[in-house]
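2 protein chains.
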Amino acid sequence: MHREIAIEPRQEILRAAARLFQQQGYDATSMNDVAAALKLSKGVLYHHFQSKDEILYHIMSHAMDITEERVINVVRRVEVAEERLRRLIRLHIEVVLSEEDREITVMLHENHPLPIGLRRKINARKKDYLHFVENLIADVQRQRGSPATVTPRAAAFALVGMINWIYQWYKPAGMLTGDAIVRQYTEIFFRGAFV
Amino acid sequence: MHREIAIEPRQEILRAAARLFQQQGYDATSMNDVAAALKLSKGVLYHHFQSKDEILYHIMSHAMDITEERVINVVRRVEVAEERLRRLIRLHIEVVLSEEDREITVMLHENHPLPIGLRRKINARKKDYLHFVENLIADVQRQRGSPATVTPRAAAFALVGMINWIYQWYKPAGMLTGDAIVRQYTEIFFRGAFV
């Protein structure tokens, strides 16, 4: 009855679990539910993940991997600071809008109870991302000779906030297309944080 | 053994429930837990709320009441549009930072499974708030003769996003004080959305 999943079984488990967590709630979802959704035996599931906490942690961790791969690693290759920041805004918005990754990335911002050690690891990675954005903003401010009334820290929180909030309201069929959001958010932020 | 709560019992129940939902998760919290936390009999609890869904709905609804009372109702009395928007930014940030209301207001943004009818009611109130902000931004843009490259809709989402995101990172003992956030967010947004 049970099937084996061959290609990237861990990824497939994380994705199915993330979907269940959003549909029926994290606490209401059992390891049994995850196994059943994938038509896996519990043995196979437990071979990959010991507990639901571990699955949640790896979902969040995978969301950070996605951000690092698709945003940080790409923009690092862009030489001019201002262009690097513009690219970061576009790519980060694209990650938030990506239908394929949405079930994974949404979990990053939900306030589920994770054991403190795992919670700290995720928070440390979120902080690293924030600092990357902050440093990039500082570089652009220096090059532009912007006044010090807006600090790179506050600007980074504002930028990451307005982008991450998109998942709360965005509808693919809505009036605001992805491109329109990128263009307008970039304009608001660049005029707002730099002179 | 059981005590009766006399003053605003519903409010006290909502507050205690919100605290439990955040500490141990929504699904993991039972009506029994809520009654026990308040040293109430189940009879008294069920007299006020029929179910956990109903409690969650009223927590979210109360969060919208707080926003309407402390933000909308106050800024309506401010005559000049630009001053009205500045005041809205300050007051909305103060609601997010309010320690007293945090356990209530945080629940507004968590993705808990609420029956569709109740979910729609909350979403309608969120939309009303967004439209209020959007119209206010449109007024200021008209008065300033701002270019139409940034639409009031996108600007409203950006503003509400950067403010509501604060609860994800703000620490009362941190480097960024409430006043510093208000000042810098106002500056970023005003420069960003208007000319």
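Protein chains in written order, with the numbering used here: chain R, 1 to 195; chain S, 1001 to 1195.
Glycine included, every Cβ here is placed at the ideal spot set by N, Cα and C.
Source: prediction; values computed, not measured.
Short CB-CB distance (under 9 Å) between residue i and chain S
{"i": "N135 of chain R", "result": "no"}
{"i": "A18 of chain R", "result": "no"}
{"i": "G178 of chain R", "result": "no"}
{"i": "E8 of chain R", "result": "no"}
{"i": "A138 of chain R", "result": "no"}
Straight-line gap, residue i to residue j (C-alpha atoms, nearest Å)
{"i": "H1092 of chain S", "j": "E1187 of chain S", "result": "15 Å"}
{"i": "A154 of chain R", "j": "V78 of chain R", "result": "24 Å"}
{"i": "F1132 of chain S", "j": "A16 of chain R", "result": "38 Å"}
{"i": "L130 of chain R", "j": "R87 of chain R", "result": "16 Å"}
{"i": "A173 of chain R", "j": "Y167 of chain R", "result": "14 Å"}
{"i": "F1190 of chain S", "j": "I122 of chain R", "result": "33 Å"}
{"i": "D1027 of chain S", "j": "A18 of chain R", "result": "16 Å"}
{"i": "R1084 of chain S", "j": "Q22 of chain R", "result": "38 Å"}
{"i": "I101 of chain R", "j": "S1041 of chain S", "result": "The displayed chain sequence assigns Asp, not Ile, to residue 101 of chain R. Their Cα atoms are separated by approximately 45 Å."}
{"i": "E1068 of chain S", "j": "D1128 of chain S", "result": "10 Å"}
{"i": "K1052 of chain S", "j": "D1033 of chain S", "result": "11 Å"}
{"i": "M96 of chain R", "j": "H62 of chain R", "result": "Checking the displayed sequence, the identity of residue 96 of chain R turns out to be Val instead of Met. Those two C-alpha atoms are separated by around 14 Å."}
{"i": "V1074 of chain S", "j": "P9 of chain R", "result": "54 Å"}
{"i": "E94 of chain R", "j": "R76 of chain R", "result": "17 Å"}
Within-9 Å CB hit, residue i to chain R
{"i": "Q1143 of chain S", "result": "no"}
{"i": "R1015 of chain S", "result": "no"}
{"i": "P1172 of chain S", "result": "no"}
{"i": "M1064 of chain S", "result": "no"}
{"i": "F1132 of chain S", "result": "no"}
{"i": "A1081 of chain S", "result": "no"}
{"i": "M1001 of chain S", "result": "With a pLDDT of 45 at M1001 of chain S, under the threshold of 50, the predicted position of this residue should be treated as unreliable, though the coordinate-derived value follows. Taking Cβ atoms only, chain R never reaches closer than 9 Å to M1001 of chain S, which makes this a no."}
{"i": "R1086 of chain S", "result": "no"}
{"i": "Q1011 of chain S", "result": "no"}
{"i": "N1164 of chain S", "result": "yes"}
8 Å contact criterion, which residue i and residue j should meet: CB distance rounded
{"i": "Q141 of chain R", "j": "E82 of chain R", "result": "Actually they are not in contact, since the Cβ atoms of Q141 of chain R and E82 of chain R sit about 10 Å apart, beyond 8 Å."}
{"i": "M107 of chain R", "j": "I59 of chain R", "result": "5 Å"}
{"i": "P113 of chain R", "j": "G1025 of chain S", "result": "5 Å"}
{"i": "P1152 of chain S", "j": "I1137 of chain S", "result": "4 Å"}
{"i": "I55 of chain R", "j": "L14 of chain R", "result": "7 Å"}
{"i": "L45 of chain R", "j": "A35 of chain R", "result": "4 Å"}
Note down, in chain order, all residues in the region 44 to 71 of chain R with a beta-carbon under 8 Å from any beta-carbon belonging to chain S.
Cβ contacts with chain S come from no residue of the region 44 to 71 of chain R.
Please identify, using Cβ separations under 9 Å, the residues of the region 27 to 44 of chain R that lie next to chain S, in order along the chain. Per Cβ criterion, the list reads D27, A28 and T29.
TODO: Check distances from the C-beta atoms of the region 107 to 134 of chain R to those of chain S and list, in chain order, the residues that come in under 8 Å.
DONE: Residues are counted here when their Cβ sits less than 8 Å from a Cβ of chain S; for the region 107 to 134 of chain R these are H109, E110, N111, H112, P113 and L130, given in chain order.
Using a beta-carbon distance cut-off of less than 7 Å, what residues from the region 1089 to 1104 of chain S approach chain R? Flagged: no residues at all.
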